[in-house]
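Residue numbers (my numbering), protein chains in the order written: chain A, 1 to 341; chain B, 342 to 682; chain C, 683 to 1023; chain D, 1024 to 1364. Note that the Cβ used here is the ideal one computed from N, Cα and C, for glycine as well. Read the structure below first, then the notes.
Protein chains: 4
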Amino acid sequence: MSEGIILVDPLPRTLDLIMEPDVRARLEKLGRLVISEDAPMSDAEVDDLLPETVLIFGQTALPRERLDRARKLKGVINVETNFLPNIDYQACQERGIWVLTPGSAFAAPVAEAAIGMAIDLARGITAADRDFRTGAEQYGLAANTETFRFHGAPVGIIGLGDLGKTLRDYIRPFRNKVKVFDPWLPDEIIERHDCQPASLDELLSTSQVVFVFAAVTGENQGFLGSREFALMKKGAAFLLMSRAAVVDFPAMLDAVRSGHIRAAVDVFPEEPVPADDPVRKMEGLLLSAHRTGGTVDALFSIGRMAVADAELILRGLPPQLCRRADPALASRLRSKPVSVT
Amino acid sequence: MSEGIILVDPLPRTLDLIMEPDVRARLEKLGRLVISEDAPMSDAEVDDLLPETVLIFGQTALPRERLDRARKLKGVINVETNFLPNIDYQACQERGIWVLTPGSAFAAPVAEAAIGMAIDLARGITAADRDFRTGAEQYGLAANTETFRFHGAPVGIIGLGDLGKTLRDYIRPFRNKVKVFDPWLPDEIIERHDCQPASLDELLSTSQVVFVFAAVTGENQGFLGSREFALMKKGAAFLLMSRAAVVDFPAMLDAVRSGHIRAAVDVFPEEPVPADDPVRKMEGLLLSAHRTGGTVDALFSIGRMAVADAELILRGLPPQLCRRADPALASRLRSKPVSVT
Amino acid sequence: MSEGIILVDPLPRTLDLIMEPDVRARLEKLGRLVISEDAPMSDAEVDDLLPETVLIFGQTALPRERLDRARKLKGVINVETNFLPNIDYQACQERGIWVLTPGSAFAAPVAEAAIGMAIDLARGITAADRDFRTGAEQYGLAANTETFRFHGAPVGIIGLGDLGKTLRDYIRPFRNKVKVFDPWLPDEIIERHDCQPASLDELLSTSQVVFVFAAVTGENQGFLGSREFALMKKGAAFLLMSRAAVVDFPAMLDAVRSGHIRAAVDVFPEEPVPADDPVRKMEGLLLSAHRTGGTVDALFSIGRMAVADAELILRGLPPQLCRRADPALASRLRSKPVSVT
Amino acid sequence: MSEGIILVDPLPRTLDLIMEPDVRARLEKLGRLVISEDAPMSDAEVDDLLPETVLIFGQTALPRERLDRARKLKGVINVETNFLPNIDYQACQERGIWVLTPGSAFAAPVAEAAIGMAIDLARGITAADRDFRTGAEQYGLAANTETFRFHGAPVGIIGLGDLGKTLRDYIRPFRNKVKVFDPWLPDEIIERHDCQPASLDELLSTSQVVFVFAAVTGENQGFLGSREFALMKKGAAFLLMSRAAVVDFPAMLDAVRSGHIRAAVDVFPEEPVPADDPVRKMEGLLLSAHRTGGTVDALFSIGRMAVADAELILRGLPPQLCRRADPALASRLRSKPVSVT
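Right, here's the structure in full:
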């Protein structure tokens, strides 16, 4: 189709991890692939290739002076799904170069795990299995003194991005009333997803199940602290799926330890979690080692989205699957990844 | 409304367990309540009250000779949700006496737990929590070598009664292809629920997740045995929600122990499970002590369904919420309860 | 499968109208067919065949004395979908003979037409086509001074049987708030279908679109009269799909003629409608000649449901698709058909 | 919030037509409004205001030299929903000025009308009303010799933009298999909407109902011609909702006139349609005078979307409701509006 070069510089991913053979085959039709998977592509090689490069898959640094020489470049697809400050986003926009990330590939697996964990906390599934293994199980009604039904329980979602929207779709048959706190969205969008816009305090104080899917910015670190956990209903479930930094972690653990809330946690301030971390012994906590997003199919989804949009870009059409880097928004996000891995 | 007697003989339930105050208040408007909750109502008292009794809530024995004297009786609602052979169902049918059970009250809580457990087996939620507590957790992609996505996985449902239908509704957003094996249902019903009728063997050999919701009859005990487990796909998930007796339990445990399948089990051949039962140590098994149905809200649902139908019956209208005892079908069911507790 | 006789006495239907070849083939496997399609089967023939008859398809008269001789009879399936008083329903019940009708076959085609007609009234589709044909069409916003969006409009459903439930499913994506008036149903059933129970007056005075799907009884003839139409909102849409007799027809026409409401009507007090009936000239009225139910596929659906349930009955299982005759309810229904044709 | 000027130059719309009072009130909080509704704002006034202008609502010409002076401008929202060549889109992109249109406001009303019209064509609603008015109506089955059920009929959608996606959601309960032809979209997007990507020929030859929602480009004018109509199934329904120019109109009329297909048409090559145009007499044609989009609520939706995105833009956040002008795509679109009015 194109005679141009496709520069593939995908670390920390590799092509095999993100592309099934049929997708790889589609990629190869788009141009001449130059791949560097053992190490990041050297500056010399990048500089050499850029004048003929039409697409970049990866996180290659692209300051303005490099872009000046990349006259044929039409798109950069960040397959690590994490916009770094090593690209001059403004310069790309001026030149009509798409800068994209298929970060929403992680939305479905995380949302699926989130509903599983929410039902787990509501119905005590993991805790009951643990009791059974120690001979402490209860049967029937006696086993349900602390449980609640997820069906119909008031739900709160903090952050209605791809992930929150997917979760909202997944839980639809359970007929929950869903409140959303998302200061980046207009009420109109929230209402279109059959949710009710709410302040953070209203959401926390009325929801039986609270999902946290918020990105971290310079402004919102630790915005869920002891005051906020105290607002939650006794026995409510708190699911921290993304990002650890939005939570005051010790305050959350205190709220769990005291029995005020129960929680499921997929992200931690320090990963791997230290061997002697007290979270490993806590009741009321469902532990998940940053593992809800990184599924085999999610990674293949990255490749499929990236290649499908690459095909469109080379035809002069707008991409449809990846998210665009918004220079304005990017500046608000901290250096840690925006989207779930 | 009516001047008749409402005979309330609900053991092993009690009215407080199955009726919230507003429902109890509705019941009291229907007639004069005579309640026996500390012990089953004595034969003498039953015989004395029957001529003026319009409704019975409970499992009171009703042979034909008693029914002959219950001239005003319009309905019997079995709130233990279990048709026993102590009622002459044929004689009730001849007299136009409704014999009902609100057994479907358990469908929603069991189905909700079943989807939670299915996602748990697919994504390894409980197992990952256990690993985390022993310091053996894996992060990211390394934690997902054995997991699969529930979304889109081929599903098989064995038994499409109230429970199976509710589950089918709950999983709709996950877009699974669903096969159903149910020898009591015509294909037309199965297809109306967006499922594909299948033989047992086809279902087992093609499904990634198999839910068992089958009632036990004289004919189907242990119909899921080693031959059937061998048909299942390597790594598939098997959820035994109801009835332990339809499964050859040791064969199922062998299939789990060998790593061929993973399983979630809510019902056991002997309950409570013996303290030294090896299931307590098994990997690949999610253990639930017959606790998915017996939730507080399910019991209240029994009362609400029973009273709503009682209101209709006393107005001369057909009941809408409870299941009717079908003499023909009842004879096929064994003495153990039909519906999940 | 069975050696018994299947007595087929289907007039006014014929087998070809209600059974596609594959369904007919299934029927023929169930026993020895004896068919009378040119005329109703003679009493002599019926009496002769009854002792060996296991199933009847049709409206054959079955007084108690005949049933006494039909020792092998297991079911009667009324394929005209209309319970007549020529069967001793009580005697059938005593003998465990199923009396069934596949009347819900008409629910889906009528409901589909009903949503089409509701959007037609809301958006002025037929009226705009008529204007276009006389050169009086308006374009754009000028054509929409009297229209409203069906999406989100408050809906009222009078009668939540098979038809009302199917309609409720069809309109789900339009996110209407739906009120239901149905004095034969408990609130619990109405709420399960995501509707709000309401009094007739509340429904009429708050709904923008009102669907009438009510059966006629001795008690409810003409219950929608001038008082009720006056309660409706100015410009609201009224859809009379079933039964003409529940409406005071002249009062309805007055409400349309005055411009207070707009209406779609599929059933009329006298059919065929007289040639000079003024309805033929009325604006604000969408006219349908009792044609929404009688589709080719609905008739085939009758046959498919009848045969599927016949298969179950002969296996000793309860039917799943047809409705049972309830002696209690049947007595409330007038001689005109219960279900839509 | 802002001290800047909001330049409101909305013709051919007016603020009252597109904003309800609560939305207008939100707008007024965003800055100092300068409104020109009687005539387009004069060049002199625009030039005078631009240096302090933060937002423009309208189609004001914005060549590069003007943009050079609009240092504070953050967004331009085209409330006529039609990108014209009077803006230097590239220059806007370089400066980070959002150029937006709330064109999707028309998607829901058009899609709603489209499903109404599809059911109309399938079930013969308007035609039957016309017959009734001339005394030629048929009753019951006789009225259904030419009808088909929309439920389950194979559907084809040509163009899966906002409009096609909304339609796809609306028809979901009817369980159609849906094929999509859209050369601007990757298969992945089409499949996410539960549709099957198809070539144009495959779609036309297998669908019972074909919806046309395609935008016009320099390349696709008249791409649906006599060859394509001949591919359609006999008796299939063709709905031309947008754009007349993608169809060879005489060829479409021939296909209808011959009885090969039936059609509903909301857009015409010349509007208003000439008084003596033969379409006014044609059977098999459902006529709609470019009226499905221009509803009162759609216009208010324009205002609501515009103001909600304006609020975000002034907070430095990306807009969420309007579509962005893509310079690349814009050049493909002809001067006629992209989106339905």
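Alpha carbon of residue i to alpha carbon of residue j, nearest angstrom
| i | j | result |
| --- | --- | --- |
| Gly1274(D) | Ser1249(D) | One point to set straight first is that residue 1274(D) is Ala, not Gly, in the sequence displayed. One C-alpha to the other measures close to 5 Å. |
| Ala1210(D) | Asp1185(D) | Reading off the sequence, residue 1210(D) comes out as Asp, not Ala. So the two alpha carbons sit approximately 16 Å from each other. |
| Ala236(A) | Arg149(A) | 11 Å |
| Ala1067(D) | Ala1333(D) | 25 Å |
| Leu204(A) | Pro197(A) | 13 Å |
| Leu1190(D) | Ala1136(D) | 9 Å |
| Phe950(C) | Ala789(C) | 19 Å |
| Leu1040(D) | Ile35(A) | 56 Å |
| Arg1089(D) | Thr1083(D) | 11 Å |
| Ser1358(D) | Leu1107(D) | With a pLDDT of 39 at Ser1358(D), under the threshold of 50, the predicted position of this residue should be treated as unreliable, though the coordinate-derived value follows. Roughly 7 Å between the two C-alpha positions. |
| Arg533(B) | Pro703(C) | 21 Å |
| Arg939(C) | Pro960(C) | 11 Å |
| Val1022(C) | Glu1160(D) | Confidence at Val1022(C) is low in this model, with a pLDDT of 37, below 50, so the placement of that residue should be treated as unreliable; the coordinate-derived value is given next. Answer to the nearest angstrom: the Cα atoms are 19 Å apart. |
Short CB-CB distance (under 8 Å) between residue i and chain E
| i | result |
| --- | --- |
| Arg986(C) | Of the protein chains in the structure, A, B, C and D, none is chain E. |
Cβ pair residue i, residue j closer than 8 Å
| i | j | result |
| --- | --- | --- |
| Lys370(B) | Val395(B) | no |
| Val1133(D) | Arg1036(D) | no |
| Leu913(C) | Val894(C) | no |
| Cys1004(C) | Ile759(C) | yes |
| Gly1138(D) | Ile1194(D) | Reading off the sequence, residue 1138(D) comes out as Ile, not Gly. Against a cut-off of 8 Å, the Cβ pair of Ile1194(D) and Ile1138(D) comes out as a contact. |
| Thr147(A) | Arg123(A) | yes |
| Gln1002(C) | Ile347(B) | no |
| Leu906(C) | Leu867(C) | no |
| Pro51(A) | Ala70(A) | yes |
| Val898(C) | Val928(C) | yes |
| Glu435(B) | Glu776(C) | yes |
| Gly164(A) | Lys72(A) | no |
8 Å contact criterion, which residue i and residue j should meet: CB distance rounded
| i | j | result |
| --- | --- | --- |
| Gly644(B) | Val364(B) | 5 Å |
| Val265(A) | Ser242(A) | That belief does not hold up - the Cβ atoms of Val265(A) and Ser242(A) are roughly 11 Å apart, past 8 Å. |
| Ile1201(D) | Asp1224(D) | In the sequence as presented, Ile is not what sits at residue 1201(D); that position holds Val. Going by Cβ atoms, the distance from Val1201(D) to Asp1224(D) rounds to 17 Å, so no, they are not a contact pair. |
| Arg973(C) | Gly1175(D) | With a Cβ gap of about 19 Å, Arg973(C) and Gly1175(D) do not count as contacting. |
| Pro318(A) | Asp1205(D) | About 13 Å; that fails the 8 Å criterion. |
| Gly838(C) | Ser881(C) | 11 Å between Cβ atoms; not a contact. |
| Pro784(C) | Ala988(C) | 5 Å |
| Ala1298(D) | Gly976(C) | Rounded, the Cβ-Cβ distance is 39 Å, inconsistent with contact. |
| Arg802(C) | Leu968(C) | Reading the sequence as shown, one finds Asp at residue 802(C) and not Arg. Going by Cβ atoms, the distance from Asp802(C) to Leu968(C) rounds to 6 Å, so yes, they are a contact pair. |
| Thr1149(D) | Ile943(C) | That pair is no contact at about 20 Å. |
Distance cut-off 7 Å: residue i Cβ against heavy atoms of the ligand GDP
| i | result |
| --- | --- |
| Phe552(B) | In terms of ligand content, the structure shown is empty, and the ligand GDP therefore cannot be addressed. |
With 16 other Cβ atoms within 10 Å as the buried cut-off, status of residue i
| i | result |
| --- | --- |
| Ala263(A) | buried |
| Asp589(B) | buried |
| Ala896(C) | buried |
| Gln1244(D) | exposed |
| Pro337(A) | For Pro337(A), the pLDDT reaches just 39, beneath the cut-off of 50, and the residue's location in the model is therefore unreliable, although a value from the coordinates is still provided. Buried, by the Cβ-count rule. |
| Ala379(B) | According to the sequence as given, residue 379(B) is Asp; it is not Ala. The residue is exposed, with fewer than 16 neighbouring Cβ atoms inside 10 Å. |
| Pro692(C) | buried |
| Pro173(A) | buried |
| Asp1070(D) | exposed |
| Glu228(A) | buried |
| Gly740(C) | buried |
| Ser445(B) | buried |
Which parts of the region 781-861 of chain C are runs of the alpha helix (DSSP H), unbroken and 4 residues or longer, counting only runs that do not cross its ends? Listed in chain order, the complete alpha helix (DSSP H) runs (minimum 4 residues) inside the region 781-861 of chain C are 789-805, 807-815, 844-852.
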